[in-house]
């Protein structure tokens, strides 16, 4: 179905982008009268707002526009082994409220009932008006097949071919579900526009690949399963059954067992291999990555021993989203998927 002019403008400005009316006309190849008419309508509906002006070059300053943060909100939900995290994000995708509850995952009716209660309690504590929620994104640790609407497999949570309708039945708004590492990768997109690899160093190792501002999913939705690339042939047994997977050498548990020096050696080798594969920036996140800053120079120095093609190892970057990365990335997925529902609401109130 063809998008309306207002939908095109809305989607252009997702992610907190601010631009002038002329910018909108140029980016969408629209006439200025068409832009002026639709922008006026969006401002009248409280969806767009002015947020300053451009620098003057001698003439009249052009007004900058952005989505109005308070016009609506989305939820981000992070399903973990032992707990569920919740965040509320505004229309710019910025974090507003966060919380979590101890709720060990079980694929049982009782768990989904408790999950629903926990969500309602979060909305109550955060004073979030359910009528303002446009939709939700869920971060789930497993391979997600969006075409079949199911979790293909989650080693961590012990489920296979689990239908996502379980979540849709207990949530009173539309839902989109993505792999947890892909969500964390997506949370970095605003700061890392373009292409990058996201390496998630949590209790299990994962990742995501952003190519030209789009998340690369692969033929079977397994792109970015970095933890199961073999780092040390014939090495330690991984929970997936193979030997020598990166997951067995780069987790927080491996850092504690091996010590910082050995851990950084393993990480440097892995990082250099990923760089050789795609030749793009690499963002390190997760439990270890969020604290990598003090060791970043040492990691770059070690990486230089393996990378003989780059003079300065400046492509290893710390994550910008150090807390709630999976939940916030899921919320931003929800905003991309359901944000334009706000336009339908405004039409009904006209």
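In this note's numbering, the protein residues as written are 181 to 530. Quick reminder that beta carbons are idealized off the backbone N, C-alpha and C, glycines included. These numbers were taken from a predicted model, which means no experiment stands behind them.
Checking the DSSP bridge columns, you'll see residue 280 partnered with 265. Non-local beta-carbon contacts of residue 482 in its own chain, meaning distances under 7 Å to residues more than five positions away in sequence, involve 444, 445 and 448 in chain order. By the Cβ criterion, the segment 465-485 is not in contact with the segment 322-333, since fewer than three pairs of Cβ atoms, one from each stretch, lie closer than 8 Å. Spanning the alpha carbons of residue 284 and residue 266 requires a straight line of approximately 15 Å. Annotated as distal: residue 401 and residue 512, with beta-carbon spacing of 8 Å or more. The beta-carbon distance between residue 264 and residue 280, rounded to whole angstroms, is 7 Å. This is short enough to meet the 8 Å contact definition.
The beta-bridge partner set that DSSP reports for residue 397 is empty.
Each of 397, 429 and 345 was checked against the Cα of residue 407, and the nearest Cα belongs to 429. When 311, 361, 338 and 381 are compared, the shortest CA-CA separation from residue 351 is found for 311. Residue environment analysis places residue 380 among the buried positions, since at least 16 neighbouring C-beta atoms fall within 10 angstroms of its C-beta. Selection 397, 382 and 461 evaluated against residue 426 yields 382 as nearest (Cα-Cα).
With a beta-carbon spacing of about 6 Å, residue 196 and residue 273 fall inside the 8 Å limit used to define contacts. Take residue 486, set aside five residues on each side of it, and the residues of its chain with a beta-carbon closer than 7 Å to its own are 448, 449 and 452, in chain order. If you compare the alpha carbons of 230, 261, 296 and 457 with that of residue 247, the shortest gap goes to 230. Per DSSP, residue 356 is one residue of the beta strand (DSSP E) stretching across 355-359.
Secondary structure of residue 285 (DSSP, three-state): coil. Apart from sequence neighbours up to five positions away, the residues of its chain that approach residue 308 with a beta-carbon distance below 6 Å are 268, ordered along the chain. For residue 257, DSSP records a beta bridge to 266 and 318. Taking 8 Å as the cut-off, the Cβ atoms of residue 357 and residue 337 do not count as close.
Sixteen is the threshold: since fewer than 16 other Cβ atoms of the shown chains lie within 10 Å of the Cβ of residue 293, the residue is exposed. Boundaries of the alpha helix (DSSP H) around residue 482: 476-486. In the structure shown, residue 452 adopts helical secondary structure according to DSSP, grouped into three states. Rounded to whole angstroms, residue 516 and residue 416 show a C-alpha spacing of 40 Å. Burial state of residue 376 is buried, judged by a 10 Å Cβ sphere holding 16 or more other Cβ atoms. Judged by their CB atoms, residue 509 and residue 363 are nearer to each other than the 8 Å cut-off. Here the C-alpha atom of residue 403 lies approximately 29 Å from the C-alpha atom of residue 478. The criterion of a C-beta distance shorter than 8 Å is satisfied by residue 205 and residue 215.
DSSP places residue 299 in the helix class (H, G or I) of the three-state scheme. Within the segment 333-385, the complete beta strand (DSSP E) segments of 3 residues or longer fall at 339-343, 355-359 and 376-381, listed in chain order. Residue 519 has its alpha-carbon roughly 19 Å from the corresponding atom of residue 395. For residue 509, there is no enclosing beta strand (DSSP E); the residue is found in the alpha helix (DSSP H) stretching over 505-518.
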